[in-house]
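A short write-up of the structure that comes next.
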């Protein structure tokens, strides 16, 4: 259903397009990023306990035929982890755990993708540009320190080292561009990115295990556009 709605959205945008040729572009952008689904879930088995983050990146597209273009997108994102939320959840599920203090680095996500762009000029200076991209998502899980006090056993600590993962990903989005001049524009955009990342961890006995994390988030931001 989710993918069907995305396809219908892009088809509706394309149906109102015109035959004017569009300008190729290069954009530097930054955004407020909102994790969703398991990536934001407060679940010890499959959740990541992430909070809102920030994203920076660049993208460009070359319009090869009228309003249809091909382009690429690169982004780097940081998502803080709710360490207090992790501690509270673990205390709820552990009978002998009296106190727990957690410190955590953020999740780091990099995407590099390419795909199809389409442009619709709605007014003289305004354009709407939907896009559909596919590529690779790289993830780095956070280094975490757990300091705990167990009933009758006293204080102890352990740590979880960071791990890296990569997997196929897709990105769907739309931007609204306002042309300040013939070569510069401002862009407001909204993107949705998703991938399934599998992080590998070694236990104290040397056994390797994997934790699968569905990673999905929305980006809402602003870009400075160079029209080519």
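In the numbering used here, the protein residues as written are 12 to 239.
Even for Gly, the Cβ is constructed at its ideal location relative to N, Cα and C.
Here the structure is a predicted model, which is why all the values come from computation and not from measurement.
Given residue i as reference, the closest of the options once Cα atoms are compared
| i | options | result |
| --- | --- | --- |
| residue 147 | 162, 165, 122 and 134 | 122 |
| residue 224 | 217, 235 and 208 | 208 |
| residue 205 | 229, 194, 169 and 218 | 229 |
| residue 167 | 201, 51 and 109 | 109 |
| residue 82 | 43, 64, 38 and 214 | 38 |
| residue 202 | 42, 34 and 33 | 42 |
| residue 64 | 91, 234, 239 and 215 | 91 |
| residue 45 | 89, 69, 193 and 33 | 89 |
| residue 40 | 161, 113, 70 and 219 | 70 |
| residue 199 | 143, 215, 222 and 235 | 235 |
| residue 161 | 212, 101 and 214 | 101 |
| residue 213 | 79, 72 and 172 | 172 |
| residue 190 | 239, 169, 221 and 74 | 239 |
Residue range of the alpha helix (DSSP H) that includes residue i
| i | result |
| --- | --- |
| residue 96 | 94 to 104 |
Rounded Cβ spacing between residue i and residue j (contact assumed at less than 8 Å)
| i | j | result |
| --- | --- | --- |
| residue 115 | residue 155 | 5 Å |
| residue 152 | residue 118 | 6 Å |
| residue 36 | residue 237 | 6 Å |
| residue 107 | residue 157 | That pair is no contact at about 14 Å. |
| residue 47 | residue 227 | 5 Å |
For residue i, the residue or residues it bridges with in DSSP
| i | result |
| --- | --- |
| residue 232 | 42 and 200 |
| residue 35 | According to DSSP, which records beta bridges pairwise, residue 35 is partnered with nothing at all. |
| residue 219 | 213 |
| residue 207 | 225 |
| residue 88 | 66 and 120 |
| residue 126 | 82 and 144 |
| residue 238 | 36 |
| residue 193 | Beta-bridge pairing links residue 193 to no other residue. |
| residue 131 | 139 |
Opening and closing residue of the beta strand (DSSP E) in which residue i lies
| i | result |
| --- | --- |
| residue 141 | 137 to 151 |
| residue 71 | 61 to 76 |
| residue 158 | 155 to 161 |
| residue 166 | 165 to 171 |
| residue 57 | Unbroken run through residue 57: none, as it is neither H nor E. |
| residue 181 | 175 to 190 |
| residue 107 | Where residue 107 is concerned, there is no enclosing beta strand (DSSP E), given that its DSSP letter is neither H nor E. |
Original post:
If you pair each beta-carbon of the segment 138 to 145 with each one of the segment 181 to 189, do three or more pairs fall below 8 Å?
Top reply: yes
Counting Cβ pairs closer than 8 Å, one from the segment 87 to 104 and one from the segment 56 to 68, do we hit at least three? yes
Self-check item: the segment 127 to 136 in contact with the segment 170 to 185 per 3-pair CB rule at 8 Å
Solution: no
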